[in-house]
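One point on numbering: in the UniProt record's numbering, the residue at position 1128 of the sequence shown is 1128, and numbering is uninterrupted.
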Amino acid sequence: MSRLAAFLVTLSRQLFWIAAFGLILAALYVSLGRQLVPLVAEYRDEVQEKAQAALNMPVTLGRLEGRWEGFAPKLLAHDVLLGEGDGAMRLDRVAIVPDLAASLWARALRLGTLEFSGVHLSVAEDAEGKWRVEGLPERSEQPPPDPQKLIEALQQVRRLAVLDSQITLEPFGESPLTLSYTDLGLRVDGERLRLDARSVLPDGQPLAMRVQGRVQAQRWQQAEAQLYLSLPQSDWAAWLPRRLTADWNLHSVQAGGELWAHWSKQQLERAVLRLNAAQLNASFADRAPVQLEDLAVEAYVDHAEKGYRLLLDRLAFDLQGERWGDARILLQQNQGEQRWRLQADRLGVAPIAMLVGGLAPLPPAATETLSTLQPSGTVRNLRLDYHPDTDSPQRLRFAANLDRINFSAQNWIPAVGNASGSIQGDLAGGELRLDSDDFSLHLASLYPEPWHYRHGAGRLTWTLDDRAFTLAAPYLRVDGEEGKIAGDFLIRLMRDPEAEDYMDLRVGLSDGDAGYTEKYLPTKSPALSRALVGWLKEAIRGGTVEQGYFQYQGSLSKSASDSARSLSLYFKVRDAELAFQPGWPVLQQGRGEVLIEDSGVRVRLAEGRILDSRVYDATADIPHAGSGKVPLLAIKGKVASSLPDALKLLQDAPIGTGEVFAGWQGQGLLDGALDLQIPLGKGTPRVIVDFSSSDATLRIAEPALGFEQLRGDFRYDTASGFSAGDIQARLFGRPVRGKAVATGTAGKPASRIEGRGSIELKRLLDWLEVGQPLPASGELPYQLRLDLAGENSQLQIDSSLQGLRIELPAPFGKTAGERRDTSLRMSLQGRERRYGVQYGQLAALAFAAPPGAWAQGRGELRLGTGAANLPSRAGLYVRGRLAELDWKAWQAILERHGKGDPQQATSSLLRQVQLDINRFDGFGTRIDNLSIDLQRLGNAWALGLRSALIGGSIRVPDAENGVIVADLQHLRLPASAPPGEAAGTRPDPLADVDPKSLPAMDVAIKQVSMGDDPLGAWALKLRPVSGGVEFRDIALDMKGLKIGGAGGWSGARTWYKGRLEGRNLADVLLAWGFAPSVTSESFRLDVDGQWPGSPAWFAMARYTGSMQPRLRKGQFVEIDGSAQALRVFGVLNFNSIGRRLRLDFSDLFSKGLSYDRLDGNLQARSGVFTTREPITVSGPSSNLELDGKLDMARDEIDAKLLVTLPISNNLPLAALIVGAPAIGGALFVADKLLGDRVARFASVQYDVKGPWQSPKISFDKPFEKPN
């Protein structure tokens, strides 16, 4: 133990000293390295020359640097250029770290790290497809690099790295691709290599790759490698060179994924691709692009014993908005059999066809065929074998199960719908076994519509050789709505354009529905004319086919002659429904036979029904018309019918009589026969219908006439019209007899119905739908003429009106025995109906309007002599001349027979009335030679009046509460009564006018005259109030007398409140025929009162209310009796002489009394006026006060007159002149004794009594006010 311990101690010490010595040597080694390595920078030129010699190209070192890192030196070369010129390759930095231990062991230079930073590498392709690095010299004679030497050289570097670099790839003629931020790292460990690469694509997406492998330099061909590639979601279409895609155009490849691959034994052993493409848009050549979206697929490739195997799993994509996917496709190679086999569990046909049509390199004819076929459906269990080395039709063989396959027709290849079954074949032909539900087959070149069946089963074969393509169905059995059908067909389409294509088609039907026979008619075949095809399609509507067959044999060429093909169709039907011609009534419950041959169509009908009529012993033939001719349908038969069925035939059948007989109705039995010749194309049908009736009822719509107990023999021929020799019936409840005459020509049938009878006025008004009572009574005879001629159809009724009494004012009224020839004409067809009425020589009407739209009509009513002309503008226009118009008489007629709807004026047809009236009596006035012009003006009526009595316009609005505006130029009122006639004795001129009937009105008259005497302008407003009317804004000019204010007329009384005013009262008095006894500078009279009667029946004797007169600065120019003393006193007042001389000097030389103002307040009651306040007259020479009562009814006055005179030195002379010397003396004494302490005025009171025009004025007493 002691020895062992000593040995261990000694060993420990030795190892410690060895370690210490090693650390000293290492420290010395590191120290020397740190000191010596930086000296490398001084050898830049030598290193640059060595590099140029080693690389055999120009090399430029910007700066050389040496560092010591760990136990090894590190050499750094900065700003390195390889090559020369603008295209030289630039390196930011090159770092070299030698592997000293490996170098000593191998006694050769080994590198631990070789690192390139900031490499800017540009690799370009020339026109010959060779790639070279830009900037590096070309060595055209240098042999390609030896892989063994390259691998051996790489094995001398433990780590090779390219960091933070940029690589630009420039394909010839394409846009460059730059990979930025590229990092490449290669680690070598003997035979093991690992390459890691990362870069950034131009769109900023990262790209990553890792390669691991094992390789021996001497056996590099036997290398093994594993690859992993991560591709980001980028658009790769812009970076792929066009020469790689050839004729394919990649518009967008937005895809990404991952790839794993294993390479061994000089071949690809395994590979897995997981691809997801958000969008793939590509096209081939100039075809329309195909776009796939959300594409996902997982691809597996492996190498088996017999060859490669490719599996596409979970293949799915969106195409045109529809998701297709989860398909599994397997492609296997059998190298021993020289065969490729494609298998798929389920494939959608439509997306495959679209992808093949858009991207496959097919010839144009194949692409067009595929586009026309438009296949769809699902193929299951597909197996396709391809032998590339076999030169026979078996080179390509296929087999699959079909699930609801559809494809369209191509030339003579039929279209197929929902075909399910199995298919197999090769390039020379094949077979399809069908077992399908909802199956359809369409021979588009012969039939316009496909054949649809609930179920179909059978076998279809096809062959393709150098002569023709043959499609055959040896046996087909289908079950459809029309019944059970069996058939076969063969179609041979020749390759030679000069050879004729051929078809043999046979279809048999039993216990089927005849309504489906149309589908088996080859209507596109030249063997059937279009007219015949149209008739066959419309004719056979339904029924039960007891037995039927169809056969077509012959050429399919449209230019082939008729003898080159044969067509036949036969039906034996019961309960048939046949439409002989569009628009004609359908034949029902028919029993007979239908045979279609090359010679034509024949129908033999034993019996049937049309509408409610029984048809028997009928035939329908359509002979073969030949090329270019129109086939003709000939129908003959007997019919037991009724009048409703006959009318329906005339109304609905396309024979041109629909408008003539539109709306006709009838009842009753008919027996007749039909003879129809109907072209099945352009042409006019010929129809002859004979029928007879013994007791029928017929009602005509236009005009509304109802014939009862109608009997006669009738015929309707489209070549002439409707005719009957003798027609007897009852019309308007009375017998009528007449006839019908056919007046038309071929293609234009026309008829005229004539009849005579009589009618009561009430029945006539009911027929005309006139509900308004008319001022007429009695009955009238008539002659009726009804022309049925299409657009020229019309009705004319003529009558003498004898027996009819008309209660209208002259000249329109008549007695029952008086004759007045009157006619009514009205058209029955056309977009506009025209009416004409002639009422003797008194009135004429011309009117036209669309049917049922009277408000849109136009017409003229002519009163008096002359014809009425139809205007071009809409509305009714009334024109003419009347000898007289008694408004009161017409008003009585209107009140007796109703005034109609007051709102009717708004929507009335009336547009204008222009009448000249020789004499107008109304409103208490007679107007001679009155012209009126009434017309529409916006939403109102404008009435123009023109005569010597009145002239102007009146605007009447449509609104019920609207205001009538009267704007008159002149108005002449009756002349005033003679002066001797009392106003109270005249009757009220407006006694017959009800004030409640007066509308709201604004009246403005520029000139009002009374007789020949002009008054002035008038204006006022009338507004209806409860019980009457109110006058507002009165402004009347009465020969200088201005009247203003407001008033009203209610019941039997009139009230007025306003003012009468003017300038010189003398002028007003003179204008009104009174003596100008009073002058004034201005005057006014405020009135607030009322009187019985209308406003026109005003009289002072009937007035009740107040009056307040006021006059300024005037003169009473005439004073009678003892009042002359007042004028004398005034003259003797010398204190006022100066002012009197300046203002009123005329008072010194003429009669009169001047005043400065006159005021008063009177209260009247039934014409008796009482002074509420005395009437005062103030003047320069005297003051007067009148207080009392004035009875205007009796024309009497009873009042006190107080005269106030100034006292002056001339007073005794005044008293003497007055004739009262005692009074004069007393005044003189008082004046002398008292002087200025006594008032300078004195008063004298008079009694005024007697008639108002000449009262008696007598002295009463002095110095006192009136009692």
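From the three backbone atoms N, C-alpha and C, an ideal C-beta is built for every residue, glycine too.
Contact with chain D by residue i, beta-carbon distance below 8 Å
{"i": "residue 507", "result": "No chain D appears in this structure, which consists of one protein chain only."}
Outcome for residue i when other beta-carbon atoms lying within 10 angstroms are tallied against a minimum of 16
{"i": "residue 959", "result": "exposed"}
{"i": "residue 108", "result": "exposed"}
{"i": "residue 704", "result": "exposed"}
{"i": "residue 314", "result": "exposed"}
{"i": "residue 23", "result": "exposed"}
{"i": "residue 152", "result": "exposed"}
{"i": "residue 786", "result": "buried"}
{"i": "residue 1245", "result": "buried"}
{"i": "residue 581", "result": "buried"}
{"i": "residue 18", "result": "exposed"}
{"i": "residue 843", "result": "buried"}
{"i": "residue 938", "result": "exposed"}
{"i": "residue 994", "result": "exposed"}
Residues near residue i by beta carbon distance below 6 Å, same chain, minus five either side
{"i": "residue 157", "result": "111 and 114"}
{"i": "residue 715", "result": "690 and 723"}
{"i": "residue 845", "result": "837, 861 and 868"}
{"i": "residue 439", "result": "418, 453 and 456"}
{"i": "residue 331", "result": "310 and 342"}
{"i": "residue 230", "result": "208 and 258"}
C-alpha distance - residue i paired with residue j, whole-angstrom precision
{"i": "residue 445", "j": "residue 576", "result": "30 Å"}
{"i": "residue 244", "j": "residue 131", "result": "16 Å"}
{"i": "residue 541", "j": "residue 425", "result": "43 Å"}
{"i": "residue 242", "j": "residue 463", "result": "42 Å"}
{"i": "residue 1029", "j": "residue 1051", "result": "9 Å"}
{"i": "residue 105", "j": "residue 67", "result": "23 Å"}
{"i": "residue 522", "j": "residue 556", "result": "11 Å"}
{"i": "residue 999", "j": "residue 1031", "result": "11 Å"}
{"i": "residue 200", "j": "residue 149", "result": "32 Å"}
{"i": "residue 966", "j": "residue 951", "result": "10 Å"}
{"i": "residue 256", "j": "residue 311", "result": "19 Å"}
{"i": "residue 1064", "j": "residue 1158", "result": "14 Å"}
{"i": "residue 946", "j": "residue 919", "result": "13 Å"}
{"i": "residue 513", "j": "residue 675", "result": "30 Å"}
{"i": "residue 202", "j": "residue 377", "result": "43 Å"}
{"i": "residue 1243", "j": "residue 1188", "result": "18 Å"}
{"i": "residue 127", "j": "residue 285", "result": "23 Å"}
{"i": "residue 1314", "j": "residue 370", "result": "No information on residue 1314 is available, as it lies outside the stretch 1 to 1267 that the chain covers here."}
C-beta contact flag for residue i and residue j at 8 Å
{"i": "residue 1048", "j": "residue 1025", "result": "yes"}
{"i": "residue 1155", "j": "residue 1108", "result": "no"}
{"i": "residue 610", "j": "residue 643", "result": "no"}
{"i": "residue 509", "j": "residue 482", "result": "yes"}
{"i": "residue 289", "j": "residue 319", "result": "no"}
{"i": "residue 59", "j": "residue 91", "result": "no"}
{"i": "residue 36", "j": "residue 47", "result": "no"}
{"i": "residue 208", "j": "residue 215", "result": "no"}
Supposed close pair residue i, residue j - CB separation, criterion 8 Å
{"i": "residue 1288", "j": "residue 793", "result": "A query on residue 1288 cannot be resolved here, the shown segment of the chain reaching from 1 to 1267 and no further."}
{"i": "residue 423", "j": "residue 417", "result": "Between residue 417 and residue 423 the Cβ distance is about 16 Å, and since that is not below 8 Å, they are no contact."}
{"i": "residue 212", "j": "residue 233", "result": "With a Cβ gap of about 26 Å, residue 212 and residue 233 do not count as contacting."}
{"i": "residue 1069", "j": "residue 1076", "result": "5 Å"}
{"i": "residue 619", "j": "residue 636", "result": "6 Å"}
Cut-off 7 Å between Cβ atoms - residues of its own chain near residue i, not counting five sequence neighbours on either side
{"i": "residue 709", "result": "695, 729 and 730"}
{"i": "residue 372", "result": "408 and 410"}
Contact test: residue i Cβ vs the ligand NAP heavy atom, cutoff 7 Å
{"i": "residue 200", "result": "Annotation note on the ligand NAP: not contained in the displayed structure, which lists no ligands."}
Own chain, CB closer than 8 Å to residue i, minus 5 neighbours either side, in chain order
{"i": "residue 240", "result": "250 and 253"}
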